[in-house]
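One structure is given below, encoded as C-alpha cells.
Chains as they are written, first to last, in my numbering: chain A, 1 to 265; chain B, 1001 to 1252.
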C-alpha cells in the first residue's frame, strides 16, 4: 500500500510539495547570498524586506488595490475578446468566404498582438483602463478566434448533417452542435490567450496607467524600492500560477471530459 | 401517402486528387412507395452514398430532381431521417437528449419530447441507458440509439447509410433482425444503402444494384415476413436471391 502510494504520489499534497520544493530552495539560497555577500538593498532586497513590503501593502490596502485593478482589466478585456472572437470564429469555421477574407488578416495581426498596440491604444483611449483593456483584448482575441475556427473544423460533418436532418435550423445548429463541439478548443484558446494577456498587462501597466501590478513595479524603481519590485514580480508569477492551476486548467480539463468529442471508429 | 421519386439524377464533381471531373451518378431514376423497404447494393465507389446524400439534401444534384410527396426537396429536412454509418450521435448529449433532439427542434414541449424519446428507447430495450452518454455505450448500442433518434422524429422516409458496417458480425445480425422487427411492426419507408448482399436481401422488399453511377438491375425479394436469420440461412429461395444479387453486383 505504502510503496504504491509513494510511486504514484504525484497528486494531492505530495504533488504540491514537489512543486513548491524548488521555490523553497531558491528562497533559502537567495537569503543566504544576500547575507553572505552583504548585498545592498539598492541592488537586491532580503527575504524579510520583501515580506515586510508585502505586509505593509496588505495593511494599507495598496496591494489589494493594485492586484484588483489588474485582475479587473484582464477580466474585462478577456470577456470582450471572447464575445467577439467566438462568433467570428463560428462564422469563419462555417463560411468559406468569411474564412478566406479574415485568415490573412488574423495572421498579420496576431503577430502584433500584445504590447505593440500600446502606443496607438494610449492615443485612442488615453492613459488608463481603456488602453490596457484594449491591449488585453488584442492578446486574447486572436488566439480565441483561431481556436474557435480549429474547434469548428474538428466537428465531424455528420454531426451537422444529423442535426439538419432532424430539423435544426442554422441558428440551432450553431447552438446545439458548433458551440458545444468547439467548446474544448475555445476554452484552450482562452487559457492560452490569458497567458499572453497577463504578460501584456504587466508591460502595458508600466506605461499606460497609475494603478495595477505593473505600475507598482515600475513606480518602485523610481524610489529604488527593490523589495517592492521583487514583491511585485513574485506576485505576477504567483497570481498567474494560481489562476492557471486552480481555475483555468481544471476548467479546461472538465470541458474536455464533459464536451470532448469521442471520434466514431 | 408520400412517395419518393428520383428522376434522372446525375452528380458530377471535381476530384482534386485525380484532378478531373468524376461522374458519381449518371441518370438514376427510382420510385419508393410508402411502407416499402428498398436496399441499394453495390461495391464501394459505385455512387450509392452519393445517392443517399442527394436524397438527404446534403448534396445538390448536377441535374435531375428528387420529389417527396410531389414537392422537390431543398436541403436537409426532418421529413427524411438519416442513420449514419458513424452513428453521428451528439457526444455532449445523453442518449435521451439525443433521441429527444428532433422533436425538440420541432418546438414540442420538453416534457413531451422526453416522454416520446423514452418510449422509443424502451421499444429497443435501451430504457436503462437513457441518461448515459454515447461514448459509454458499445457500437451496437450507439447505432440502436441512432436508429431510434431518426425514428422518434417520425420522418416520411428513413435513409440508412451502411448503418451496420462498423459493428461486429454478431451484433450486426442482431441489429438487422431488430430493424426487420421494427419494419414489420410499424412499416416505415426505408431506403437502405449497403455493400453487404446478404444484408440487402435479408432486409429489403426490393434490391437495386448500382454500379459506376448507374442502376443496373432491380431484384424483388418475395420472401415472406417476419424474417429471422435462423430460418433464412438455410432457406433455398433466400440463397438463390443472394446469388442473383451477388452476380448482378459482380458483373455490373
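Here a beta-carbon is modelled for each residue, glycine too, at the ideal position from N, C-alpha and C.
Buried/exposed call for residue i, threshold 16 Cβ in 10 Å
{"i": "residue 1103/B", "result": "buried"}
{"i": "residue 132/A", "result": "buried"}
{"i": "residue 10/A", "result": "Residue placement at residue 10/A is flagged as unreliable, the pLDDT there being 48, under the threshold of 50; the coordinate-derived value follows with that caveat. Its Cβ having fewer than 16 others within 10 Å, residue 10/A is exposed."}
{"i": "residue 1138/B", "result": "exposed"}
{"i": "residue 1149/B", "result": "buried"}
{"i": "residue 27/A", "result": "exposed"}
{"i": "residue 7/A", "result": "Any reading at residue 7/A must be qualified, since the residue scores a pLDDT of 43, below 50, and its modelled position is unreliable; the value itself is stated next. It counts as exposed."}
{"i": "residue 1251/B", "result": "exposed"}
{"i": "residue 70/A", "result": "buried"}
{"i": "residue 43/A", "result": "exposed"}
{"i": "residue 40/A", "result": "exposed"}
{"i": "residue 257/A", "result": "exposed"}
{"i": "residue 1016/B", "result": "exposed"}
{"i": "residue 124/A", "result": "exposed"}
{"i": "residue 18/A", "result": "exposed"}
{"i": "residue 170/A", "result": "exposed"}
{"i": "residue 1065/B", "result": "exposed"}
{"i": "residue 215/A", "result": "buried"}
{"i": "residue 1071/B", "result": "exposed"}
{"i": "residue 79/A", "result": "exposed"}
{"i": "residue 146/A", "result": "buried"}
Partner residues on chain A for residue i, Cβ-Cβ distance less than 9 angstroms
{"i": "residue 1080/B", "result": "165"}
{"i": "residue 1058/B", "result": "157, 161, 164, 165"}
C-alpha distance - residue i paired with residue j, whole-angstrom precision
{"i": "residue 148/A", "j": "residue 109/A", "result": "17 angstroms"}
{"i": "residue 239/A", "j": "residue 199/A", "result": "12 angstroms"}
{"i": "residue 1076/B", "j": "residue 1034/B", "result": "19 angstroms"}
{"i": "residue 112/A", "j": "residue 179/A", "result": "28 angstroms"}
{"i": "residue 1160/B", "j": "residue 102/A", "result": "38 angstroms"}
{"i": "residue 1190/B", "j": "residue 1172/B", "result": "18 angstroms"}
{"i": "residue 1030/B", "j": "residue 1223/B", "result": "22 angstroms"}
{"i": "residue 87/A", "j": "residue 1089/B", "result": "24 angstroms"}
{"i": "residue 15/A", "j": "residue 21/A", "result": "10 angstroms"}
{"i": "residue 1078/B", "j": "residue 166/A", "result": "5 angstroms"}
{"i": "residue 264/A", "j": "residue 1049/B", "result": "For residue 264/A, the predicted structure reports a pLDDT of 39, less than 50, and the residue's modelled location is therefore unreliable. A value from the coordinates is still provided. Whole-angstrom Cα-Cα distance: 18 angstroms."}
{"i": "residue 1212/B", "j": "residue 1241/B", "result": "22 angstroms"}
{"i": "residue 48/A", "j": "residue 24/A", "result": "14 angstroms"}
{"i": "residue 253/A", "j": "residue 192/A", "result": "14 angstroms"}
{"i": "residue 1098/B", "j": "residue 243/A", "result": "35 angstroms"}
{"i": "residue 1228/B", "j": "residue 1122/B", "result": "21 angstroms"}
{"i": "residue 1115/B", "j": "residue 1130/B", "result": "11 angstroms"}
{"i": "residue 1201/B", "j": "residue 1038/B", "result": "10 angstroms"}
{"i": "residue 134/A", "j": "residue 213/A", "result": "17 angstroms"}
{"i": "residue 1036/B", "j": "residue 1188/B", "result": "7 angstroms"}
{"i": "residue 1204/B", "j": "residue 1221/B", "result": "7 angstroms"}
{"i": "residue 1170/B", "j": "residue 1164/B", "result": "11 angstroms"}
{"i": "residue 121/A", "j": "residue 208/A", "result": "9 angstroms"}
{"i": "residue 1217/B", "j": "residue 1041/B", "result": "10 angstroms"}
{"i": "residue 1021/B", "j": "residue 1012/B", "result": "7 angstroms"}
{"i": "residue 1018/B", "j": "residue 1024/B", "result": "14 angstroms"}
{"i": "residue 1/A", "j": "residue 13/A", "result": "With a pLDDT of 38 at residue 1/A, under the threshold of 50, the predicted position of this residue should be treated as unreliable, and no value is reported."}
{"i": "residue 57/A", "j": "residue 195/A", "result": "26 angstroms"}
{"i": "residue 204/A", "j": "residue 119/A", "result": "10 angstroms"}
8 angstroms Cβ cutoff, residue i in contact with chain B
{"i": "residue 152/A", "result": "no"}
{"i": "residue 258/A", "result": "yes"}
{"i": "residue 100/A", "result": "no"}
{"i": "residue 172/A", "result": "yes"}
{"i": "residue 3/A", "result": "Residue confidence is low: residue 3/A scores 42 on pLDDT, short of 50, so the model does not pin down where it sits. Its coordinate-derived value is still stated next. No, because no Cβ of chain B sits closer than 8 angstroms to the Cβ of residue 3/A."}
{"i": "residue 81/A", "result": "no"}
{"i": "residue 168/A", "result": "yes"}
Chain-ordered neighbours of residue i on chain A, where CB pairs are closer than 8 angstroms
{"i": "residue 1088/B", "result": "156, 158, 159, 161, 162, 264"}
Minimum Cβ-Cβ distance from residue i to chain A less than 8 angstroms
{"i": "residue 1102/B", "result": "yes"}
{"i": "residue 1105/B", "result": "yes"}
{"i": "residue 1076/B", "result": "yes"}
{"i": "residue 1084/B", "result": "yes"}
Closer than 8 angstroms at the beta carbon, the chain B residues around residue i
{"i": "residue 177/A", "result": "1090"}
Where residue i meets chain B, residues with beta-carbon distance less than 9 angstroms
{"i": "residue 180/A", "result": "1090, 1091, 1092, 1093"}
Beta carbon proximity, residue i to chain C, threshold 8 angstroms
{"i": "residue 1122/B", "result": "Among the chains of the structure shown, chain C does not appear; the protein chains present are A and B."}
Checklist entry - According to a CB-to-CB cut-off of less than 9 angstroms, which residues of the region 1143-1154 of chain B neighbour chain A? => result 1146, 1149, 1150, 1153
Checklist entry - Listed in chain order, which residues of the region 1212-1223 of chain B have Cβ atoms closer than 8 angstroms to some Cβ of chain A? => result none
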